[in-house]
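In my numbering, the protein residues as written are 699 to 1509.
Quick reminder that beta carbons are idealized off the backbone N, C-alpha and C, glycines included.
Every value quoted in this text rests on a predicted model; they were computed, and no experiment measured them.
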């Protein structure tokens, strides 16, 4: 081998000649063919695969070109991914790879991953003269009887040369003695058989031994030779040579035959007697590796198995057996052993191409993996069936040779199954059948094919008014059946306007978790409900979305105190004045407190309470009506002016309240009332002309009333005695509304007037004015629309005294 390397390094011309013999490529049935000599240096150029496949060298990395490797196989070649050159990755010894085969071809496949296509490549390894002829080691002895006649022939050991053709042994040469010559004959298989020919008679007594040199020469360039030392021993007379019973022993055995099994027995016959008839058997022309597989019993000629017989390693063995007597005469026979195959190798599955992920919207027929199925057995034992053991949306398609493509057979849906474990089973057709399985895990990559989904079609929620700014008022969540980014949901409020204002100034939503926040404090009296749409959008491309209607109801809090509409509080700080006749019976309706509350429900339920009175026990107030009534008859000792403090309280938690002070004036008769009224001076309101006109109108009506009374008194003076005015007769005033009020913020409530009937009666002896029982109406009408029925009533309350206020209306 070292000599060969030196010759290769020194003789560039020889290398060039070998490269000239290299076949660049040819495609036969889809195969790319190259031819190279053996023993090339590692990294030597074999061929330009990229060019032979029609690929552009500038874009070669885009094609992802690679050699498909098989498990347990030596990879002798590699691809240069930069230029597409096929190179040797190991030094190739043809004799070690292919033995004595006439053609040494290495097959493999090249995968173009961009096309997902396989190309078969075969590289023929041509022989070079890298092995010199060699003989069996040691001195070769040939025994020749001294009575051997001229022309007697004696077989000589043949030289072995692992090279083939012209590089193998071509000629022999014998030197050392003129008594012998060589005769070389061509055998049936082209092998050269060397025989020693006796040229002169021998005389043991003259010379009992001859030493010859046998030289074997091959036809390579350079020529190589091998020599053997031949020792000729002259024997005494032994005139019968052994003869085999048959020239060829053909045996057929099964692989995996147990060690020590007898496979054949050779037999030769020697007609001589004694020691000249005793035979011994031995192998000749046997390859070194075969010599360890079989054992030949030198006495019996029995051949037994000593090694492991494997059909896949070698299906045929051939060697020669010699039978030699002790006189030096011998004969030879050929032994041929044929090994029959057994189904002792399970199929092997190799992944050539595999993708572990696939989009769920991938079309049917998408290639997932390319598998190579091999069975080292032959015949029916090497035929296989490949299938998917489960019912899955995949199928196997056979491509070239033993390659299968695993493809999708139906549409995939990640929401139904996120991954698949695909079991590919391979079974051969042997008896019994052997099988192998491979599990391929495939992950389904999500695509955005599901929009977000709200569990409800409409959402309703409630929150209290006067909420804090930035407080959470509601939250909602949408679900998305997709995964990862396609399931990442962002929330937003679809713009709507509230009271001519943008919704974004009232509410905001956390885009990640769907929590809705109030940007301002809501007032139930301003907003009772808010309607809007919430949109959920996923993060897919393109994004998908859905929306849902949300209604938020604002709940009332007790944040408004009762507002007293009647009696109204004058702007000058004075209290309202009500009139109560002294003859009133218990239960007489003096006035009615009217109040409203801007809140709703129980927060607007009002109750009335008399906190303070000048005469405790003289008046009562309805708990829910606000009606002020007398609790007993008026007494002389009761003060003319009664001050009542009334509390109005709502039913909220905590309750809110308001109070009002009411002044009730007691009077026995009309003159007393007028006297009391005249003694009350009213301050002039310079800021209100309407109040001034009302005062003038009331004074004018009062004067007319008094004039009428005076005329009546003059006419009846001669009939009646002057007595106490209004003692027993009945004087009734009808339709005299005592008071009214103007509500807060321009809301005017009109109250039912307190009516008094005034009547004049005649007696034969006397006439008197008397107050009848005056009745207040049970109901009080509050008109919030601001409608004015009487122009006189539209004015502001006018003041009659510095401390008390009274408004009189005469109809």
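With 16 other Cβ atoms within 10 Å as the buried cut-off, status of residue i
i, result
"residue 1521", "No statement about residue 1521 is possible, as the shown extent of the chain runs from 699 to 1509 and does not include it."
"residue 1404", "exposed"
"residue 1264", "buried"
"residue 753", "buried"
"residue 1025", "buried"
"residue 1077", "exposed"
"residue 786", "buried"
"residue 1324", "buried"
"residue 1216", "buried"
"residue 857", "buried"
"residue 745", "buried"
"residue 1394", "exposed"
"residue 831", "buried"
"residue 1322", "exposed"
6 Å CB neighbourhood of residue i in its chain, flanking five on each side removed
i, result
"residue 893", "851, 853 and 881"
"residue 1186", "1237"
"residue 1083", "1125"
"residue 1012", "none"
"residue 1278", "1288, 1362 and 1364"
"residue 1152", "1176 and 1246"
"residue 990", "1005"
"residue 660", "Outside the displayed range of the chain (699 to 1509) lies residue 660, so it cannot be described from this structure."
Cβ-Cβ separation, residue j to residue i (assumed contact under 8 Å), whole Å
i, j, result
"residue 975", "residue 916", "So it is not a contact: roughly 40 Å between Cβ atoms."
"residue 807", "residue 819", "7 Å"
"residue 1510", "residue 978", "For residue 1510 there is no data in the structure shown, the boundaries of the chain being 699 and 1509."
"residue 1346", "residue 1356", "5 Å"
"residue 1035", "residue 955", "Not confirmed; about 10 Å, so no contact."
"residue 1161", "residue 1252", "7 Å"
Where residue i falls: helix, strand or coil (DSSP)
i, result
"residue 1080", "helix"
"residue 1067", "strand"
"residue 826", "coil"
"residue 962", "strand"
"residue 813", "coil"
"residue 746", "strand"
"residue 793", "helix"
"residue 899", "coil"
"residue 955", "coil"
"residue 1400", "helix"
"residue 1179", "coil"
"residue 1128", "coil"
"residue 1003", "strand"
"residue 1406", "helix"
"residue 1302", "helix"
"residue 985", "coil"
"residue 780", "coil"
"residue 1320", "coil"
"residue 1185", "helix"
"residue 1241", "coil"
"residue 1172", "strand"
Backbone CA spacing between residue i and residue j [nearest angstrom]
i, j, result
"residue 1143", "residue 1234", "23 Å"
"residue 1050", "residue 836", "52 Å"
"residue 862", "residue 936", "39 Å"
"residue 1222", "residue 1358", "27 Å"
"residue 875", "residue 847", "17 Å"
"residue 930", "residue 912", "12 Å"
"residue 1030", "residue 945", "7 Å"
"residue 982", "residue 740", "37 Å"
"residue 1066", "residue 1087", "17 Å"
"residue 1157", "residue 1249", "6 Å"
"residue 1339", "residue 1314", "13 Å"
"residue 1020", "residue 980", "5 Å"
"residue 1511", "residue 1300", "The structure shown does not extend to residue 1511, since the chain is modelled only from 699 through 1509, so no value can be given for it."
"residue 776", "residue 987", "30 Å"
Own chain residues within Cβ distance below 7 Å of residue i, not counting five before or after
i, result
"residue 1099", "none"
"residue 868", "915, 916 and 917"
"residue 1060", "1106 and 1110"
"residue 921", "915"
Spatial neighbours of residue i in its chain, beta-carbon cut-off 8 Å, leaving aside the 5 residues before and after
i, result
"residue 1041", "1075, 1079, 1126, 1128, 1129, 1130, 1131 and 1132"
"residue 1317", "1288, 1308, 1311, 1326, 1327, 1328, 1329, 1340, 1342 and 1362"
"residue 781", "746, 748, 755 and 758"
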